[in-house]
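Notes for the one structure printed next.
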């Protein structure tokens, strides 16, 4: 009999096997092609059992490789983790409706919009107050800063110059006043004074002539 076999190399090969022992004869022929046939096994196509596939009208089998696994228990571990994750996941009721027929998602979004609007208004109010305080602070008159120039030598020299200037000025005024007293003519106030002045001047001239 003839059997079609799908190989792992993605090819389909027809094998002529014995009618009495088709599976054993097919494995013997496959062992010549694949030395590591111990890690492979035969199965029917489309999930059929091997015996059912071999005794069908058109026998067609598939050669598959075995997967190297661990000691087992991985499936139960996955199932336990899946159950934990499903328990920890919060329930989502956004698609449900309330007594008024509104979806809970829509109600939640409306609340968020109202809260965001109130938060934005508060932030704008704080910004306006901050700007107002800044302007008022800028308009305030700041006290003038007093800078003290402390230079001992310069101050001493200034004081000496002032004292010298005062002394020289006083001396000059004193000498000026003396010269004015010497050169100032005597102005007669009355007629009698004028006669006395003339007599004194004539006596002085006579004495000078003598």
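Residue numbers (the UniProt record's numbering): 1 to 210. All C-beta atoms, glycine included, are put in the ideal place defined by N, C-alpha and C. All figures in this text were calculated on a predicted structure; none of them were measured in a lab.
A direct Cα-to-Cα measurement between residue 162 and residue 180 gives close to 27 Å. Look at residue 17 here: in three-state DSSP terms it is coil, with no helix or strand label. If you draw a 10 Å sphere on the C-beta of residue 113, you find fewer than 16 other C-beta atoms in it, and that means exposed.
Judged by their CB atoms, residue 45 and residue 20 are not nearer to each other than the 9 Å cut-off. Using a Cβ distance threshold of 9 Å, residue 18 and residue 12 do not count as a contacting pair.
By a beta-carbon distance limit of 8 Å, residue 26 contacts residue 15. Their separation comes to about 6 Å. Setting aside the 5 residues that flank it on each side, residue 107 is surrounded in the same chain by 98, each with a C-beta closer than 8 Å to its C-beta; the list follows chain order.
The Cβ atoms of residue 37 and residue 43 lie no closer than 9 Å to each other.
Bridge partners of residue 41 according to DSSP: 64.
Separation of residue 55 and residue 76 (C-alpha to C-alpha, rounded to the nearest whole angstrom) is 37 Å.
Under the three-state reduction of DSSP output, residue 25 falls in the helix class. Pairing residue 130 with residue 115, the inter-Cα distance amounts to about 23 Å.
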